[in-house]
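Below is one structure, written out as structure tokens, with a few remarks after it.
Protein chains in written order, with the working numbering: chain A, 354 to 656; chain B, 3 to 190; chain C, 407 to 833.
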């Protein structure tokens with residue numbers, strides 16, 4: 354069990370063993386973030402560039418803190434102020450960043466596949482922090498970590514993922530990760546929010562909330578982008594909330610709930626559940642730090 | 003096997019050394035007040051546990067014991083010594099004002115102890131830190147020395163010192179291990 | 407200059423008796439004689455074509471030459487050189503230039519530039535609608551007089567079904583053949599690749615097969631209503647080819663083409679997000695590739711066209727969703743047809759060469775694509791034994807993007823002769 358890659362681009366390409374070694378490492382880092390002095394000198398003298406070409410606060414802050422807790426120097430480049438938004442090509446960006454000799458490049462982009470392109474172009478370790486509707490591997494790792502922490506074991510766990518699967522990189526990464534670690538995954542969404550042939554990944558698909566949801570040990574609620582009702586994907590948010598909104602009466606009494614945040618309260622999940630004792634939402638945020646520290650640590654010096 | 007093992011300490015020698023170190027600790031610190039032991043992953047943890055027991059036999063007090071992994075404090079994180087596994091650090095007591103006895107099996111260059119000192123400082127401000135090791139094999143690269151020592155053994159750099167413990171190797175022994183191929187290369 | 411091509415194996419569609427081991431004597435740009443054991447006269451250059459095939463000069467029905475307007479992607483000089491390297495002696499360029507080829511003066515401009523800087527023959531398709539805007543018909547009579555024989559808004563479909571009907575009806579009287587770019591924009595908009603399991607995995611927006619098939623069905627029905635000829639460009643799906651097959655069975659004068667990339671590659675190529683796999687219509691699935699092959703085999707698809715659509719390197723070196731559709735196809739087409747269709751799928755060479763010569767020539771209403779005495783000496787010599795690896799940097803086209811980079815192909819053009827002149831020779 355080890356992790357010897359240069360980059361972390363997606364969960365699809367990882368083996369179950371690689372995922373487990375990342376999760377095991379994260380346990381030690383979680384201990385560090387619970388200390389009074391949340392800082393170790395491990396990555397002293399290393400530079401992390403957070404290249405965020407799409408608005409994101411949570412993931413960026415999480416990577417920034419993870420880097421700082423490991424004593425790395427962290428620089429943020431975001432879409433608004435960068436030349437990238439002024440039409441600079443990805444190739445140019447890659448060459449410039451390469452010349453800066455950053456050790457890590459954390460990339461968030463609206464374009465699926467862009468981190469892979471950068472990884473081929475630069476020597477830095479590239480970490481995909483979300484690319485279009487493709488993957489968001491560190492989100493899946495922190496979710497898997499949270500699930501393992503709560504349920505001890507992922508094998509045979511019944512997980513329902515509900516919401517906009519089509520546009521969700523979180524869903525894709527989690528489906529790969531959960532299946533690789535042996536969970537049983539059911540997707541619940543209207544046909545308009547399910548990408549074609551998704552069942553070929555090895556998941557069950559349901560269009561409506563039914564007994565499958567009641568059987569789930571864990572209900573993973575996805576964020577609904579409010580603009581989805583344009584483009585004919587949904588008649589409206591009200592109908593969505595009525596058909597797919599999660600509250601405690603719709604799920605098993607023992608089930609836990611997760612959400613990648615930020616929440617649309619009252620649409621995809623009700624407040625009481627989202628902030629109640631069965632919610633793992635805040636654990637997800639804390640574990641995100643531990644997992645990202647583990648990822649940074651395990652990619653160090655892989656050239 | 004291409005290696006040669008030479009016995010350096012047997013189990014009774016180890017036991018006697020631990021007992022002696024335990025009493026030296028009590029003597030030097032005027033008892034067990036504010037005393038705590040922190041064992042360094044991996045072998046230092048087992049030796050630390052034994053010291054806790056020995057002190058308990060002598061003074062009838064249970065002093066707190068912690069576990070410290072220095073991986074994240076090492077100065078060679080980039081090199082081929084990179085350790086992908088990070089063990090858990092567990093120090094479940096407040097180290098502020100404590101007299102910490104840091105325990106490891108072997109002291110060599112001193113770099114691991116340096117890392118351990120940094121790590122301990124991140125947990126708080128102990129009254130003092132003292133170092134107990136079973137073997138000092140020389141070749142120090144930093145100005146660090148042990149306060150309590152089992153045995154001083156002169157070694158060559160191409161040799162290794164193995165402190166075997168019952169919990170892992172099923173026996174308490176100290177060996178000097180020599181790679182035979184290397185010896186041949188050296189003209190022996 | 408006189409030229410004798412000796413010992414070649416002639417594959418000559420349309421002239422069943424002039425096939426097999428025959429020599430060709432070329433004088434003053436024309437074929438003076440085809441026969442056995444011809445002798446070279448004084449000062450006659452001899453090309454030894456032993457163990458090689460001799461084809462009529464290849465005809466490509468569907469090429470984007472980018473001039474005028476986008477000369478940084480390709481121009482007529484570079485595009486025709488690339489075509490000659492690919493064995494083509496006549497290429498038909500699509501009118502989505504800047505300005506678009508929607509009136510006589512642009513047609514004449516292209517012809518003049520081709521005469522001055524092109525190494526082979528260039529003919530043009532003109533737009534169906536002014537400015538390719540899908541609103542008003544072009545002046546067809548004027549274009550016909552200027553030599554245009556085909557019309558297309560290629561790149562976009564004529565969305566207004568009524569306008570398409572009138573275009574088909576009106577074009578029929580000259581006659582001009584309408585070439586349909588079959589793509590319902592409402593279904594394909596924003597899409598990057600075929601819609602299927604691969605697009606789902608990659609998180610890229612898909613273009614469903616239905617976007618093409620609905621358009622194909624509409625245009626077949628409109629052509630029938632208008633009693634017009636119709637040619638369907640770059641078909642890519644099982645359903646489209648089946649619709650064409652059914653229409654032909656009903657006796658409708660409708661033809662279709664496929665590209666080498668559609669009869670060779672599937673959407674699995676897109677894994678890795680290499681933008682050289684981004685083409686429109688997109689690479690489809692295994693069964694669609696096989697449908698393209700079957701279509702060529704049974705004659706439903708009568709033409710192989712490259713849809714050569716070159717772009718500058720910096721345009722393709724981008725995120726997949728931001729890169730333009732299109733690849734450089736001229737310099738790999740005939741080798742792909744030989745390797746994939748003939749060697750792998752065992753389609754007779756005569757069928758393949760007809761789809762690259764006489765069949766597209768007929769759609770262009772050109773009396774070319776076959777070799778005969780006193781006919782023009784445009785021909786392609788092809789070495790079927792040569793194995794080579796596709797090296798984009800060696801392309802003569804300005805567009806270097808190809809999904810076949812590094813692929814080993816069997817058979818390669820060794821010489822291209824246009825009107826008696828050697829315009830390409832492999833060395």
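Quick reminder that beta carbons are idealized off the backbone N, C-alpha and C, glycines included.
Under three-state DSSP, which class holds residue i?
| i | result |
| --- | --- |
| residue 382 of chain A | helix |
| residue 399 of chain C | Nothing can be reported for residue 399 of chain C: it is not among the residues displayed for chain C, which extend from 407 to 833. |
| residue 726 of chain C | helix |
| residue 503 of chain A | helix |
| residue 611 of chain C | coil |
| residue 449 of chain A | helix |
| residue 21 of chain B | helix |
| residue 431 of chain A | strand |
| residue 372 of chain A | helix |
| residue 827 of chain C | strand |
| residue 526 of chain A | helix |
| residue 482 of chain C | helix |
| residue 8 of chain B | strand |
| residue 614 of chain A | coil |
| residue 530 of chain C | strand |
| residue 186 of chain B | For residue 186 of chain B, the predicted model reports a pLDDT of 42, less than 50, meaning its position is unreliable; a value from the coordinates is still stated below. Residue 186 of chain B falls in the helix class under three-state DSSP. |
| residue 450 of chain C | coil |
| residue 132 of chain B | strand |
| residue 161 of chain B | strand |
| residue 539 of chain A | strand |
| residue 668 of chain C | helix |
| residue 509 of chain A | coil |
| residue 573 of chain C | helix |
| residue 576 of chain A | coil |
| residue 468 of chain A | helix |
Under 7 Å between beta-carbons, which chain C residues line up against residue i? List them in chain order, please.
| i | result |
| --- | --- |
| residue 548 of chain A | 606 |
Take residue i as the anchor and find which of the options has the nearest alpha-carbon.
| i | options | result |
| --- | --- | --- |
| residue 170 of chain B | B:157, B:49, B:121 and B:11 | B:49 |
| residue 792 of chain C | C:786, C:745, C:645 and C:654 | C:745 |
| residue 450 of chain C | C:460, C:462 and C:431 | C:431 |
| residue 511 of chain C | C:526, C:726 and C:532 | C:532 |
| residue 41 of chain B | B:178, B:145, B:158 and B:132 | B:132 |
| residue 603 of chain A | A:572, A:554 and A:593 | A:572 |
| residue 779 of chain C | C:440, C:429, C:435 and C:534 | C:440 |
| residue 487 of chain A | C:535, C:608, C:741 and C:571 | C:608 |
| residue 517 of chain C | C:496, C:647, C:535 and C:536 | C:496 |
| residue 537 of chain A | A:367, A:512, A:614 and A:497 | A:512 |
| residue 62 of chain B | B:77, B:125, B:34 and B:13 | B:34 |
My guess is that residue i and residue j are in contact by the Cβ rule of under 8 Å, so how many angstroms apart are they, rounded?
| i | j | result |
| --- | --- | --- |
| residue 544 of chain A | residue 560 of chain A | 6 Å |
| residue 695 of chain A | residue 597 of chain A | Because chain A is modelled from 354 through 656, residue 695 of chain A falls outside the range shown and cannot be assessed. |
| residue 736 of chain C | residue 469 of chain C | 7 Å |
| residue 382 of chain A | residue 647 of chain A | 5 Å |
| residue 725 of chain C | residue 467 of chain A | 5 Å |
| residue 74 of chain B | residue 54 of chain B | 25 Å between Cβ atoms; not a contact. |
| residue 621 of chain C | residue 645 of chain C | Residue 621 of chain C to residue 645 of chain C, Cβ: 11 Å. No contact. |
If the cut is a Cβ gap below 8 Å, which residues of chain A does residue i touch?
| i | result |
| --- | --- |
| residue 107 of chain B | Simply none; closest approach about 21 Å. |
List the residues of chain C whose Cβ lies closer than 9 Å to the Cβ of residue i, in chain order.
| i | result |
| --- | --- |
| residue 597 of chain A | The contacting residues do not exist; residue 597 of chain A stays about 20 Å from chain C at best. |
| residue 432 of chain A | Correct list: empty, because the minimum Cβ distance to chain C is about 13 Å. |
| residue 469 of chain A | 678 and 679 |
Can you pull the chain A residues whose beta carbon is under 7 Å from the beta carbon of residue i, in chain order?
| i | result |
| --- | --- |
| residue 601 of chain C | 549 |
| residue 610 of chain C | 465 |
Notebook entry, point to check: Along the region 718-739 of chain C, what residues have a CB closer than 7 Å to any CB found in chain A?
Noted result: 720, 723, 724, 725, 726, 727 and 728
Check: Going along the chain, which residues of the region 443-461 of chain A sit with their C-beta nearer than 8 Å to a C-beta in chain B?
Finding: none
Notebook entry, point to check: What residues in the region 384-418 of chain A bring their beta carbon closer than 8 Å to a beta carbon of chain B?
Noted result: Residues 384, 385, 388, 389, 390, 392, 393, 394, 395 and 396.
Note to self: So if I threshold CB-CB distances at 8 Å, which residues from the region 474-488 of chain A count as touching chain C?
What the structure shows: 484, 485, 486, 487 and 488
Item checked: chain C contacts made by the region 626-654 of chain A, where a contact means CB separation under 9 Å -> none
Next item on the list: Check distances from the C-beta atoms of the region 362-386 of chain A to those of chain C and list, in chain order, the residues that come in under 9 Å.
Entry: 365
Notebook entry, point to check: Just by C-beta distance, which residues in the region 670-684 of chain C are closer than 8 Å to chain A?
Noted result: Shown in chain order are the members of the region 670-684 of chain C whose Cβ falls below 8 Å from a Cβ of chain A: 678 and 679.
Item checked: Contact residues within the region 521-537 of chain A, judged by C-beta distance below 8 Å to chain C -> Those residues of the region 521-537 of chain A placed with their C-beta closer than 8 Å to a C-beta in chain C are 522 and 525, ordered along the chain.
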